[in-house]
Structure formats: structure tokens, C-alpha cells
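Below: the structure, in C-alpha cells.
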RNA sequence: GACCCCAUCGUCUAGCCUGGUCAGGACACAAGCUUUUCAAGCUUGCAGCGCGGGUUCAAAUCCCGCUGGGGUCGCCA
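Residue numbers (our numbering): 3 to 427.
And the structure:
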């Protein structure tokens with residue numbers, strides 16, 4: 003049997019991280035079985051479906067690396083749904099209510115075997131007749147879904163747990179149509195940090211938000227797959243390729259998982275650390291351009307030096323931009339408490355001489371600046387720590403950051419000297 | 001409310017199917033080492049089987065009940 007899965011978002015909103023994880027499991031499962039992955043846009047609700055959302059969904063899927071083998075839009079297939087509805091009408095399995103078509107609920111065993119949960123059974127008495135075609139001629143979700151899954155020969159329907167109670171209704175439609183139902187697997191939902199329902203208030207929920215905030219797609223994908231699934235060998239860093247090798251749908255958890263931004267950030271930091279600095283330059287450049295900090299023809303080597311300095315000090319782009327702002331902006335504020343604590347008259351009185359000493363550093367490298375700096379500090383009988391911290395504040399506006407001399411090298415001679423002198427009185 | 005699903009550290013999880021390993025790992029948190037600060041790195045620590053009944057020589061693991069959480073009850077998807 004050929005394995006075929008599908009992800010079927012409706013373009014009534016951005017691609018949600020919950021949806022992304024469902025898509026991810028479908029993709030991984032198809033790939034792990036040598037099967038095919040279908041992307042089907044469920045845009046039967048003409049009112050709420052928007053072109054911009056469709057574009058955003060496609061873009062997010064591509065960004066995540068979840069390429070599809072087949073693509074469909076339900077709005078192209080309305081005629082097909084009407085034909086099947088007519089068939090049910092002709093066979094007496096459905097009845098008309100004005101222009102609408104409604105399925106007579108057959109008496110049947112509404113039982114199915116869920117690949118993740120095992121046997122799930124519903125009482126057919128509790129399920130009402132189902133609308134198949136709405137009064138406006140468009141198909142309902144369940145009807146279009148069943149017709150498509152059957153015609154597209156979807157072998158495994160992997161979807162969110164919120165669809166579990168749709169399954170018995172759809173089973174009835176399969177039976178009426180005379181189609182064999184696919185295998186079902188309902189993956190648990192993702193909860194917010196507090197364990198409640200994911201909502202706008204829960205923070206970033208759209209995949210595009212994570213892209214904008216400077217997360218690496220590999221990190222997001224890695225995080226999402228770990229929410230409800232584990233390779234089982236204590237590995238946390240798992241590539242898509244490794245996941246495909248180890249994936250088993252039966253090993254997917256049954257219980258809902260709370261989203262953890264701190265773990266996602268940790269994973270992102272891990273991926274950031276192992277990404278070659280050269281590649282990171284390209285990753286970071288668009289964000290710097292957007293800030294207006296660099297132009298189109300920026301000094302690639304300089305950005306490379308900066309990236310190398312901060313690669314281990316950031317979990318996302320926001321942190322990077324915050325910590326490197328002093329390199330691109332002239333007027334940064336030194337917080338009042340730091341000014342008082344580290345830039346007192348006493349502490350800055352050697353600044354003039356330090357500036358003079360640094361003037362001789364040529365080239366203005368980490369090694370040369372450090373040598374000149376140390377020499378001057380020793381001559382004055384001071385300790386390095388007494389001078390290093392005040393100077394860092396003068397240069398960066400912060401008391402934390404990379405090594406002082408690496409910072410100087412990347413800041414450049416002119417700005418370094420200027421800022422030291424400026425702070426000395 | 002009815003129906004359905006679920007339940008291991010604060011969080012994500014391994015272990016459950018095929019009862020017997022100090023219940024393992026990761027994030028977070030705390031401490032130490034390193035260091036011009038921070039980060040990274042290394043080491044250590046803290047912390048869990050929801051409750052109650054069974055079955056059994058033995059239960060996180062099997063069964064039942066309870067409690068708790070979640071989902072669905074649209075001519076939305």
C-alpha cells in the first residue's frame with residue numbers, strides 16, 4: 003500500500019505553530035515511509051478565506067522545509083463535491099433542504115482504530131444528520147474532507163486532537179459514499195506556557211512570528227517535533243533527516259504538551275552556535291538592514307567579526323540586536339547606576355592616558371590593543387579589573403559583554419578613542 | 001451539561017504494550033570551576049509516577065472508581 007499523508011490548513015489565518023507541528027508529523031511520516039505528502043488548502047469558506055493567508059501559509063511551510071508533492075485547493079473542486087452530493091441524493095442516502103444537502107445518519111458502529119490512541123468508539127444515537135452542501139452551494143468541511151481524502155487516496159489522516167469528534171461523522175460519510183476510510187492518528191494539542199488554550203495572548207503563535215524574531219527554522223522544527231514525540235535515545239538535538247529515520251507514529255504521545263519558550267530559545271541558541279559564522283552573516287544582515295544600521299554594500303568582514311563575538315551570546319535575533327546596538331549607534335544611554343558605579347571621576351582619571359596608549363596600537367587588533375592597554379595599566383600601578391570594567395561601560399554602555407579587546411577591535415580605533423575620551427570628563 | 005480524549009520532576013520527555021533495573025535524559029532553577037564582566041563550556045545539586053481501591057510474592061507499568069485537565073457539540077474549518 004502506498005503511504006500518503008496530507009496537511010489541510012484553511013487560509014483563514016496565519017500558519018499556527020500547532021498546525022505547523024501537525025504538518026511536520028505528516029511530512030515526517032510520509033518521508034519515513036517513502037510515501038507522498040499532500041498540501042491541500044481548505045478554502046471552502048469564501049467569506050473568511052484570504053489570499054494573503056494562503057501566501058503566508060505557503061511561505062511558512064517552505065521556510066520550515068516541509069516541501070509537498072501534490073497541491074490542491076478545494077475552491078477548484080466545488081463541482082466534484084456537488085456531484086457526489088447528487089449521487090447520495092439519488093441513492094436516497096441524503097435529502098435536500100432547500101438548496102442544502104443533508105446526510106441521513108445511518109445506524110452503524112462508529113468505531114475506529116486511532117494509531118496513537120487505540121480504539122475510539124462513539125454512540126451513533128448522539129450524532130445528528132450532517133449537512134453536506136450548504137445553502138450557498140459550498141461543501142461543508144467534513145464532506146469536502148472525506149471526498150478529497152478518498153479521491154486523493156490519502157492513506158493516513160494525521161490531524162489535531164480537536165478533530166477526534168469529527169471522525170465518527172466522517173466515517174458515516176465514508177460509508178454512504180462507499181469509500182474505505184483511511185487510517186487515523188490524532189495528535190495532541192499544544193497548550194500555552196500556563197497549560198491553557200493557545201491564544202493570541204499566549205505570545206507568538208504564528209510561524210511567521212518566529213521567522214521575524216530571528217529563530218532558525220531548523221530549531222523551530224526540532225522543538226516542535228519534540229513536543230509529543232521523542233527519538234527515545236535521550237537526544238534533544240534532532241535534525242529532520244534523523245527524525246525521518248527514527249520516527250514512529252505509534253510513539254507519538256497522547257497527552258497535550260505545554261509550549262516552552264525557554265526551551266525553544268535554548269535549542270535556537272544551540273543551532274546558532276553550530277551554524278558557521280559565515281552563514282550567520284547572511285542570516286543577520288537583513289535584520290541589520292531593516293534597523294538601518296547597515297546599507298546594501300555593507301562591510302561583510304566587519305559583520306563577520308561581530309557575529310563571531312556574539313554567536314555564543316544570543317538565543318535569538320532580538321538579543322543580538324540589543325547587545326550590538328552600541329556598534330552601530332552613536333548616542334547610546336549609559337544607565338544612571340552604571341555611570342555612578344563605574345564611571346566616577348576616580349575611575350576615569352586614567353582614561354586620557356589610556357587613550358594615548360591605545361593611539362599607538364597598530365593595527366587596532368585584539369592583541370595590539372591589549373598590549374598597549376596592559377602596559378599603560380601597569381605603569382600606573384593599577385589592576386586590570388579596576389580599569390577594564392569602567393572602559394567597557396564607556397565603550398558599550400553596558401557592564402557585560404565580550405572580552406574588552408575584542409570589543410575594541412570590532413568597534414574600531416576612532417570610536418574607541420572617542421568614547422574613552424568622552425567619558426573622561 | 002452530553003459525548004470523547006488524556007494524566008511520570010515547574011516544563012518537555014524515557015520507562016508502560018511483554019509487572020521485578022537507586023524512575024533515565026533535557027529545559028528552567030541553584031551552586032562550584034574557568035574568567036577583565038557576561039555568555040559559552042565543564043562539574044554538582046534541587047525536583048516527579050494525581051488520589052483511592054483491587055490483581056500479584058512484587059504495580060509508574062495490568063483492572064476499576066474518583067479527581068483534575070483538555071477537546072467537541074455550527075449550513076467555521
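Glycine residues also receive a C-beta, built at the ideal position from the N, C-alpha and C atoms.
Quantities reported herein were computed from a predicted structural model and do not represent experimental measurements.
query, result
"With 16 other Cβ atoms within 10 Å as the buried cut-off, status of residue 207", "buried"
"Backbone CA spacing between residue 11 and residue 89 [nearest angstrom]", "27 Å"
"Supposed contact pair residue 172 and residue 144 - C-beta distance, whole angstroms, cut 8 Å", "5 Å"
"For residue 47, the three-state DSSP class (helix, strand or coil)", "coil"
"Alpha helix (DSSP H) runs contained entirely in the segment 372 to 401, provided each spans 4 or more residues", "386 to 398"
"Delimiting residues of the beta strand (DSSP E) encompassing residue 123", "120 to 124"
"Which residues DSSP lists as bridging residue 2, in chain order", "Summary: the structure shown does not reach residue 2, with the chain confined to residues 3 through 427, and so no result is reported for it."
"Touching by the beta-carbon criterion (3+ pairs, under 8 Å), the segment 370 to 388 and the segment 352 to 360", "yes"
"Own chain residues within Cβ distance below 8 Å of residue 419, not counting five before or after", "357, 360 and 361"
"Distance CB(residue 67)-CB(residue 223) smaller than 8 Å", "yes"
"Straight-line Cα distance separating residue 274 from residue 336", "29 Å"
"Beta-ladder partner(s) of residue 114, from DSSP", "122"
"Pairwise C-alpha distance: residue 181 and residue 277", "49 Å"
"Other residues of its chain near residue 213: CB distance less than 7 Å, five sequence neighbours each side excluded", "65"
"The segment 99 to 118 contacting the segment 192 to 208, beta-carbon criterion three pairs below 8 Å", "no"
"Buried versus exposed call for residue 303 [16 or more other C-beta atoms within 10 Å across all chains shown]", "exposed"
"Start and end residues, alpha helix (DSSP H) containing residue 160", "Run containing residue 160: none in the alpha helix (DSSP H); it sits in the beta strand (DSSP E), 158 to 162."
"Bounding residues of the alpha helix (DSSP H) (the contiguous stretch that carries residue 166)", "Here residue 166 belongs to no alpha helix (DSSP H), and DSSP marks it neither H nor E."
"Residue burial classification, residue 392 (beta-carbon count within 10 angstroms, cutoff 16)", "buried"
"Span separating the alpha-carbon of residue 153 from that of residue 226", "30 Å"
"7 Å Cβ shell around residue 3 - same chain, five flanking residues per side excluded", "157"
"Whole beta strand (DSSP E) elements within the segment 175 to 262, 3-residue minimum", "185 to 189"
"At least three beta-carbon pairs within less than 8 Å, the segment 282 to 290 to the segment 299 to 319", "yes"
"Identified DSSP bridge partners for residue 336", "DSSP lists no partner for residue 336."
"Residue 340 to residue 417 span [Cα, whole Å]", "20 Å"
"Euclidean distance between Cα positions of residue 53 and residue 16", "11 Å"
"Residue nearest to residue 147 in terms of C-alpha spacing, selected from 43, 120 and 312", "43"
"Beta-carbon proximity of residue 151 to residue 184, cut-off 8 Å", "yes"
"Beta-carbon proximity list for residue 135, same chain, < 8 Å, skipping 5 on both sides", "83, 84, 87, 101, 102, 103, 141, 142 and 145"
"Element boundaries [alpha helix (DSSP H), containing residue 83]", "80 to 92"
"Among 347, 231, 258 and 160, nearest to residue 39 - alpha-carbon criterion", "160"
"CA-to-CA distance, residue 365 to residue 246, given in whole angstroms", "50 Å"
"Contact check, residue 200 vs residue 20, beta carbons under 8 Å", "yes"
"Selected residue, minimal CA-CA separation from residue 131, among 164, 93 and 170", "170"
"The segment 239 to 254 contacting the segment 292 to 303, beta-carbon criterion three pairs below 8 Å", "no"
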